[in-house]
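Quick note on my numbering: the sequence shown kicks off at 5 and runs consecutively.
Cβ atoms here follow ideal geometry from the backbone N, Cα and C, with glycine treated the same way.
Here is the structure we will look at.
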Amino acid sequence: MQPQILCTYVCVTYTYEEASCKEAKRVSEGKQNWDLIITPKDKLLAIDWREIWRYRDMFELFVQRAFRVAYKQTILGPLWFIITPVLSVIVYVTVFGGIAGIPTDGVPPILFYLLGISIWGYFASCLSSTSNSFVTNADIFGKVYFPRIIMPLVAVTTNMLSLAIQLGIFVCFYIYYAATGTELELHWQVVLFPLLIVLLALMAVGFGMILSSMTTKYRDLQIMLNKIISLWVNVTPVIYPLSMVTNEKLYLAMSLNPVTPVMEAVKYSLLGQGQFSWLWLGYSAAFTLVLLVIGLMLFNKVQKSFMDTV
Numbered sequence: 005m006q007p008q009i010l011c012t013y014v015c016v017t018y019t020y021e022e023a024s025c026k027e028a029k030r031v032s033e034g035k036q037n038w039d040l041i042i043t044p045k046d047k048l049l050a051i052d053w054r055e056i057w058r059y060r061d062m063f064e065l066f067v068q069r070a071f072r073v074a075y076k077q078t079i080l081g082p083l084w085f086i087i088t089p090v091l092s093v094i095v096y097v098t099v100f101g102g103i104a105g106i107p108t109d110g111v112p113p114i115l116f117y118l119l120g121i122s123i124w125g126y127f128a129s130c131l132s133s134t135s136n137s138f139v140t141n142a143d144i145f146g147k148v149y150f151p152r153i154i155m156p157l158v159a160v161t162t163n164m165l166s167l168a169i170q171l172g173i174f175v176c177f178y179i180y181y182a183a184t185g186t187e188l189e190l191h192w193q194v195v196l197f198p199l200l201i202v203l204l205a206l207m208a209v210g211f212g213m214i215l216s217s218m219t220t221k222y223r224d225l226q227i228m229l230n231k232i233i234s235l236w237v238n239v240t241p242v243i244y245p246l247s248m249v250t251n252e253k254l255y256l257a258m259s260l261n262p263v264t265p266v267m268e269a270v271k272y273s274l275l276g277q278g279q280f281s282w283l284w285l286g287y288s289a290a291f292t293l294v295l296l297v298i299g300l301m302l303f304n305k306v307q308k309s310f311m312d313t314v
């Protein structure tokens with residue numbers, strides 16, 4: 005039995021070595037065909053849309069995972085997408101509308117606060133999710149290759165589903181107030197609503213990619229982010245109309261907030277309250293474009309070596 009085993013071992017070894025030699029010969033001659041070749045991106049502004057399309061199945065899985073994990077192991081589950089904004093509106097109506105007496109320029113407080121909370125919540129959620137792209141997904145990035153830019157796109161898409169649910173609640177209240185005789189102005193600019201949401205999403209992605217690239221080395225930014233968002237909402241006309249700011253310098257400073265023109269345009273188009281300015285929207289669009297360019301450059305640069313520092 006021993007000679008037979010030895011003979012088999014020698015034959016297998018010979019076959020393996022012969023196959024290895026042939027494989028090495030094919031590689032040296034450039035005749036080997038690969039299904040996928042991963043090459044480094046030399047251009048910092050490069051986005052391989054074909055590659056992203058090839059990984060669309062993974063994109064869908066990430067979106068489903070994010071949506072399911074959001075309220076995993078909870079009793080109410082997806083109902084929290086409805087309960088959270090409703091509770092916030094109740095608190096805002098009671099505290100800011102009832103106790104503080106902050107005006108809403110003739111708009112029903114529920115509609116005013118619900119719309120502001122929904123729009124701002126979408127921006128803040130996209131910013132927070134995108135800012136943690138590298139740190140949160142470090143384990144996945146270290147094991148599986150896919151275009152890293154997919155993760156910010158997943159954040160935008162997932163939060164857009166939440167926004168759709170909250171806007172559905174807004175529409176229900178809007179119909180109720182309209183049916184009960186409340187005068188509500190719906191301007192033609194409402195057709196621009198999807199573009200305003202896209203502009204807000206791109207702005208959040210731009211900020212998020214910059215912060216995400218920096219948090220790989222400076223984790224303090226993760227702690228600061230929540231503080232920044234909490235302070236940012238106070239200088240954005242979410243819980244109060246911009247018209248109540250009478251100081252010219254303060255009014256200008258708040259208008260320079262890139263979120264303010266978008267928020268005001270949304271309120272003007274749906275509620276008739278606020279202001280719609282092409283000039284200020286152009287400023288927000290230009291600001292967003294600069295953010296995206298800087299964010300994409302940093303994101304592409306950091307993704308090459310972030311596993312060494314994260």
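Rounded Cβ spacing between residue i and residue j (contact assumed at less than 8 Å)
i    : j    : result
L119 : F174 : 6 Å
P156 : Y59  : Contact flag wrong, Cβ pair sits at about 14 Å.
L115 : Y178 : 6 Å
L131 : A208 : 4 Å
P245 : T108 : 7 Å
Q226 : T220 : About 11 Å; that fails the 8 Å criterion.
G276 : E268 : Actually they do not touch by this definition, with Cβ atoms about 12 Å apart.
V67  : T162 : 6 Å
S217 : V158 : S217 to V158, Cβ: 17 Å. No contact.
Q170 : S122 : 4 Å
F71  : L165 : 6 Å
I273 : Q193 : Note that residue 273 is Ser in the sequence shown here, rather than Ile. Indeed, because the Cβ distance is near 4 Å, the residues count as touching under 8 Å.
As assigned by DSSP and simplified to three states, the class of residue i
i    : result
I227 : helix
Q68  : helix
E268 : helix
S216 : helix
K147 : coil
K26  : In this prediction, K26 scores a pLDDT of 49, lower than 50, which makes its location untrustworthy; the coordinate-derived value is nonetheless stated afterwards. Here K26 sits in helix by DSSP.
Y59  : coil
Y244 : coil
V263 : helix
P112 : coil
T250 : coil
I121 : helix
N304 : helix
Y222 : coil
F127 : helix
Q193 : helix
F280 : coil
I232 : helix
G105 : coil
N238 : helix
L188 : coil
L274 : helix
Of the listed residues the options, nearest to residue i (C-alpha basis)
i    : options                   : result
S129 : V97, F116, I154 and I233  : I233
Y181 : P241, G110, S132 and L199 : G110
V195 : L296, V67 and K271        : K271
P265 : L229, L302, I201 and I298 : I201
L302 : M258, G210, L188 and N251 : G210
G299 : M213, M267, M218 and V263 : M213
I153 : F100, K76, G276 and I56   : I56
N136 : M62, I243 and Y222        : Y222
L204 : V99, P113, V263 and T88   : V263
V97  : N238, T88, P112 and V160  : P112
V237 : R54, G125, V160 and F100  : G125
Residue i: CB within 7 Å of a non-hydrogen atom of the ligand GDP
i    : result
E252 : Of ligands this structure carries none, so the ligand GDP is not represented either.
What are the start and end residues of each continuous alpha helix (DSSP H) run of 4 or more residues lying completely inside the stretch 153-185, in chain order?
154-183
Taking one C-beta from the stretch 132-142 and one from the stretch 248-258 each time, how about it: are there three or more such pairs within less than 8 Å?
no
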